[in-house]
Amino acid sequence: MAPALVLKHVSKAFGTQSVLRDVSIEADAGEFIALVGPSGCGKSTLLRIAAGLERADAGEVSLAGVNVTDTRAADRDMAMVFQSYALYPHLTVRQNIALPLAMRRLSGFERLPMIGRITPSARAKHASIMADVERTAEALRITELLNRKPGEMSGGQRQRVALGRAIVRRPKAFLMDEPLSNLDAALRVHMRAEIVSLHRAAGVVTLYVTHDQEEALGMADRVAVMIGGRILQIASPEVIYTDPEHIDVASFIGSPKINLLPGKIVHGGRLFQAGRYLFSGFSGPERDVTIGIRPEHLFLSTEAHEDSIPLFLQRLEFLGSEVIAHLKNQNDGRALIARLEPDHASDVAGLKQLFASATDHELMVFETDGSRVRAAASVADGAASYAA
Amino acid sequence: MQPEGGKPRRLTRFDHREVRAALLLCAPTAVLMLALLVLPTLAVLGLSFTDAELGVPGFQFLGLGAYADLFTDRAFLRAFRNTAIYVALVAPASVVIGLVLALLIEAEVKGRAFFRSVYFLPVVSLTVAMASVWQYLMHPSFGPMNLVLQRFGLPSINWLGSSDNVLTSLALIGIWQALGFNLVLFLAGLTAINRDLYAAAEMDGVRSAWSRFWTVTWPMLGPTTLFVVTITMINAVKVFETVATLTQGGPSKASEVLLYTIYKEGFVYLHIGVASAMAVVFVAVLLVLLLVQTKVLEKQVHYA
């Protein structure tokens with residue numbers, strides 16, 4: 001099957017400021033792709049280019065196999081949901097949801113108030129629009145809001161209406177620009193599930209922009225991590241988290257952040273961290289690298305092992321299902337973070353000094369340019385537990 | 001000063017001092033307001049029921065009869081009618097043209113500041129000085145406006161000298177004056193519109209500039225438009241300088257307007273009583289305008 005939505009080699013600059021650098025995404029039919037990145041990374045611009053609200057300097061957009069690069073947004077048949085909801089404040093919910101249908105199904109004359117319904121065919125069209133609006137409102141459980149105006153509703157209700165306006169005409173693609181950012185935390189979690197199930201029901205390819213990694217990981221089939229106008233990695237949420245291709249992906253995704261330690265690959269492809277040998281199997285010349293360890297992979301113990309790092313325990317943060325330990329490396333004073341089971345946390349609570357270690361396959365090694373380096377699997381065998 | 005649910009507390013000596021201090025601090029403002037606003041207003045209201053004349057000792061109390069006289073006074077009725085016509089010409093034209101110009105200026109980034117300043121000039125310039133410029137422009141024999149008409153083979157117009165044209169000519173100047181202010185207000189209103197709404201309209205299939213205007217711009221400008229219409233009408237009702245400097249209400253009272261008539265009655269003929277009654281009617285007209293516009297239109301333009 002042809003991909004449903006394709007962005008090919010898209011570049012965009014505002015003045016001399018380059019916002020997007022050769023970005024490509026291929027989304028399959030019915031796929032939910034989240035574009036996640038820090039603010040200013042160009043994700044919203046990319047979405048607006050996909051929508052046709054913004055023109056790319058170079059590159060191509062195609063929808064359902066048709067090149068729409070030069071088609072204006074109104075003719076692309078995509079629907080967009082905005083962070084600000086962008087509902088028409090002077091229209092009722094019913095009129096808001098009906099507007100995209102009215103614009104597409106009715107002529108200018110038929111849209112006129114009162115006299116627009118003068119012919120039987122126009123009346124039939126109006127009736128079919130109203131039926132579609134009712135059906136959409138039912139699906140979103142906003143039927144009782146249909147006669148209200150946006151100003152009389154809560155943020156969550158407004159966002160539902162905005163979703164209704166998007167899905168009512170069954171577009172070829174959904175584009176969502178941080179639709180949940182203006183909602184409070186509890187509602188956001190609830191709406192996540194709701195958007196996912198709406199997406200499943202509609203089966204329409206969706207591009208979802210967010211700066212919230214939890215949203216991206218939790219909702220999307222695939223996550224595209226954008227930083228500095230580039231897509232650094234696009235993969236399933238699992239792969240993005242456990243197997244990042246770039247140090248920026250590793251540090252952007254994951255909360256608390258991944259621990260980064262300076263390391264060195266020396267002669268013979270052996271990896272050292274602060275003088276401690278970790279494992280070997282690397283190729284290339286001698287060079288500095290960065291070693292990443294997720295907080296949950298840092299194992300804390302009260303006794304020193306041969307190669308463990310001595311740490312000061314600074315603070316324990318109790319979060320219910322987990323405990324975050326804030327630590328300081330005794331050797332170089334760098335901060336480290338470990339995520340502990342509450343049971344384990346009670347063992348270390350009250351102690352000043354701890355020792356950290358990790359297992360080799362949980363370590364990620366990055367070059368100074370940020371790209372990932374992997375050791376040849378055959379050599380990274382034996383060492384059971386070693387210091388990080 | 002009463003604690004919730006408790007018995008009324010007796011004021012202590014400290015409280016009395018506090019109250020006295022508060023009153024003392026309020027006094028200057030209160031006295032000034034009383035002397036400069038409340039008393040004069042009451043005086044005008046009182047005088048409006050009399051036939052007082054400046055310099056004539058003693059006056060008669062006419063009661064509502066003073067107002068009855070006013071509404072049978074042909075000069076006053078004429079001024080009333082002329083003012084209404086003037087407002088009916090100036091308000092719609094300056095609002096519509098102001099909006100159209102604002103849309104044109106908003107659409108083009110280049111020269112926005114320039115055009116805004118140019119159209120705003122009449123607002124900040126001295127009306128009396130500008131009136132003499134208009135007098136020259138509208139001069140029947142060598143005024144540039146007639147010269148232009150002649151160039152196109154059209155008959156000359158006696159702009160300010162004919163009783164048929166004078167109100168329209170004054171209205172033209174009034175539009176020129178009000179335009180810049182309205183334009184700047186509309187520009188501010190346009191800038192305040194959430195850009196996402198235009199994006200949403202485009203995504204919803206709103207294709208033409210015409211439907212975009214009626215779907216987004218016009219409804220979103222509602223509060224601005226209400227304000228602009230109100231302020232323009234009030235300013236038009238208050239027309240005075242151009243009349244006083246250019247026509248003195250003539251020819252043959254064809255450009256008598258409310259404020260100018262009040263001025264003549266009060267300060268030329270010194271009929272304080274009559275002028276006061278007119279002033280009361282004048283203020284009543286302004287208040288009614290304000291009330292009608294806020295009450296009737298407010299519901300339809302504020303969405304929050």
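Read top to bottom, the protein sequences are chains P and D. Residue numbering for the first sequence follows the working numbering, beginning at 1 and increasing consecutively. Residue numbering for the second sequence follows the working numbering, beginning at 1 and increasing consecutively. The C-beta atom is built at its ideal place from N, Cα and C for all residues, glycine as well. Just so it is clear, the structure is predicted and the values come from calculations on it, not from any experiment.
Item, Value
"Pair within 8 Å by beta-carbon distance, P/ALA428 and P/LYS328", "There is simply no residue 428 of chain P to check, as chain P begins at 1 and stops at 388 in what is shown."
"Complete runs of the beta strand (DSSP E) confined to the stretch 205-244 of chain P [at least 3 residues]", "205-210, 222-227, 230-235"
"The stretch 192-213 of chain D: positions lying closer than 7 Å to chain P by Cβ", "ASN194, ASP196, LEU197, ALA199, ALA200, GLU202, MET203, ASP204, GLY205, VAL206, ARG207"
"Cβ pair P/ARG76, P/GLY52 closer than 8 Å", "yes"
"C-beta neighbour in chain D for P/SER84, strict 8 Å", "yes"
"Strand pairing of D/LYS238, partner residues [DSSP]", "In DSSP, D/LYS238 forms no bridge with anything."
"6 Å CB neighbourhood of P/ALA322 in its chain, flanking five on each side removed", "Per the sequence presented here, residue 322 of chain P reads as Glu, with Ala not at that position. So the list reads ARG339, once near-sequence residues are dropped."
"Residues in the stretch 99-115 of chain P having any Cβ partner in chain D nearer than 7 Å", "LEU99, PRO100, MET103, ARG104"
"Cross-strand partners of P/MET364 (DSSP beta bridge)", "P/GLY292"
"Endpoints, beta strand (DSSP E) assigned at P/GLY164", "Looking at the DSSP string, P/GLY164 is not in any beta strand (DSSP E); the run it does join, the alpha helix (DSSP H), is 155-167."
"D/VAL288 versus D/MET233: straight-line alpha-carbon distance, rounded", "12 Å"
"Beta-carbon proximity check, D/VAL90 vs D/ILE175, cutoff 8 Å", "yes"
"Any C-beta of chain D under 8 Å from that of P/VAL10", "no"
"Cα-Cα separation between P/ALA124 and P/GLY164, rounded to whole angstroms", "22 Å"
"Three or more C-beta pairs below 8 Å linking the stretch 213-227 of chain D and the stretch 278-287 of chain D", "no"
"Rounded C-alpha distance that separates D/LEU170 from P/GLY116", "42 Å"
"Own chain partners of P/GLN233 with C-beta closer than 7 Å, once the 5 adjacent residues on each side are dropped", "VAL225, ILE240, PRO244, GLU245, HIS246, VAL249"
"Straight-line gap, P/ASP421 to P/VAL168 (C-alpha atoms, nearest Å)", "Any answer about residue 421 of chain P is impossible in this case: the structure gives chain P only from 1 up to 388."
"Chain P within 8 Å of D/THR242, Cβ atoms only", "no"
"Cα-Cα separation, P/MET78 to D/ILE97", "37 Å"
"Residue environment, D/ALA79, which counts as buried when at least 16 other CB atoms sit within 10 Å", "buried"
"Continuous alpha helix (DSSP H) assignments of at least 4 residues falling wholly in the stretch 99-157 of chain P", "120-139"
"Partner residues on chain P for D/THR215, Cβ-Cβ distance less than 8 Å", "TYR88, LEU99"
"Whole-angstrom distance between D/LEU258 and D/VAL95, CA atom to CA atom", "22 Å"
"Among P/SER301, P/GLU54, P/PHE312, P/ALA358, the one whose alpha carbon lies nearest that of P/HIS344", "P/SER301"
"DSSP three-state assignment for P/ARG339, whether helix, strand or coil", "strand"
"Listed by chain order, chain D residues near P/ALA73 by CB distance under 7 Å", "GLU202, MET203"
"D/TRP134, buried or exposed, once every other Cβ within 10 Å from all chains shown has been counted against 16", "buried"
"Those residues which DSSP pairs with P/ASP177 across a bridge", "P/VAL209"
"D/ALA131 beta carbon less than 8 Å from that of D/THR261", "no"
"Pairwise C-alpha distance: P/ARG105 and P/ALA122", "10 Å"
"Separation of D/SER125 from D/ALA275, as counted between CA atoms", "29 Å"
"Within chain P, the residues that D/PRO219 reaches when beta carbons sit closer than 9 Å", "TYR88, PRO89, HIS90, LEU91"
"Rounded C-alpha distance that separates P/LEU180 from P/ARG188", "6 Å"
"Residue-chain proximity (P/LEU146, chain D), Cβ-Cβ < 8 Å", "no"
"Neighbour flag for P/ALA79 against chain D, beta carbons, 8 Å", "yes"
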